[in-house]
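Working notes, structure below.
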Amino acid sequence: MITLNETELVNIVDKAIKDRSETTDVEFKDARGGIPSDLWKSVSSFSHKPKGGMVVFGIKEDRINHTIDVVGGLDLASLQEKIVSLLNDGMKNVGNYELKIFHYNGTPLLALILEETPNERKTCYNYHIKG
Numbered sequence: 018m019i020t021l022n023e024t025e026l027v028n029i030v031d032k033a034i035k036d037r038s039e040t041t042d043v044e045f046k047d048a049r050g051g052i053p054s055d056l057w058k059s060v061s062s063f064s065h066k067p068k069g070g071m072v073v074f075g076i077k078e079d080r081i082n083h084t085i086d087v088v089g090g091l092d093l094a095s096l097q098e099k100i101v102s103l104l105n106d107g108m109k110n111v112g113n114y115e116l117k118i119f120h121y122n123g124t125p126l127l128a129l130i131l132e133e134t135p136n137e138r139k140t141c142y143n144y145h146i147k148g
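Numbering (the numbering used here), first residue to last: 18 to 148.
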């Protein structure tokens, strides 16, 4: 299982803010309104990607102005519950994952760290989309 400590998570966010961009390994989701409806796409993508990837909740990327802002304001317990429900009940063949709360400049954020799904279990998809 991929495990990142708080310092490593903070460094990832710092780099993204400095570079003003997500990366091929890290995506940001605002999530102040709850679980983003397109989260399954990120989960599926990272589950198919060698070394997986990470989604950080509580950060907003503005692709027009090329800014990344830490927005916080998350209901972490509810968000974690909904993410686990999506991954366990709404999707098929998700790679191993870890949910980790960390603090960025005092703001609590949530990281979903995903491993690649083993080849014999691919493909990873949303039950409601693929059917």
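Note that the Cβ used here is the ideal one computed from N, Cα and C, for glycine as well. Predicted model, so just to flag it, every value in this text is computed and none were measured.
Going straight from the alpha carbon of residue i to that of residue j, what length do you get?
i: Glu133; j: Met71; result: 11 Å
i: Asp92; j: Ile81; result: 27 Å
i: Gly89; j: Phe119; result: 11 Å
Keeping to the same chain, check which residues put their C-beta closer than 6 Å to that of residue i; ignore five residues upstream and five downstream.
i: Lys117; result: Ala128
i: Asp42; result: Gly70
i: Val30; result: Tyr121
For the putative contact between residue i and residue j, defined by C-beta atoms under 8 Å, what is the C-beta separation to the nearest angstrom?
i: Val60; j: Leu131; result: 6 Å
i: Leu96; j: Ala48; result: 6 Å
What is the DSSP secondary structure of residue i, counted as helix, strand or coil?
i: Leu96; result: helix
i: Gly69; result: coil
i: Leu21; result: coil
With a threshold of 7 Å on Cβ separation, who are the neighbours of residue i within its own chain once the five nearest residues in sequence on each side are excluded?
i: Thr20; result: Glu115
Within the segment 25-67, ranges of the beta strand (DSSP E) (whole runs, at least 3 residues):
Runs found: 43-46.
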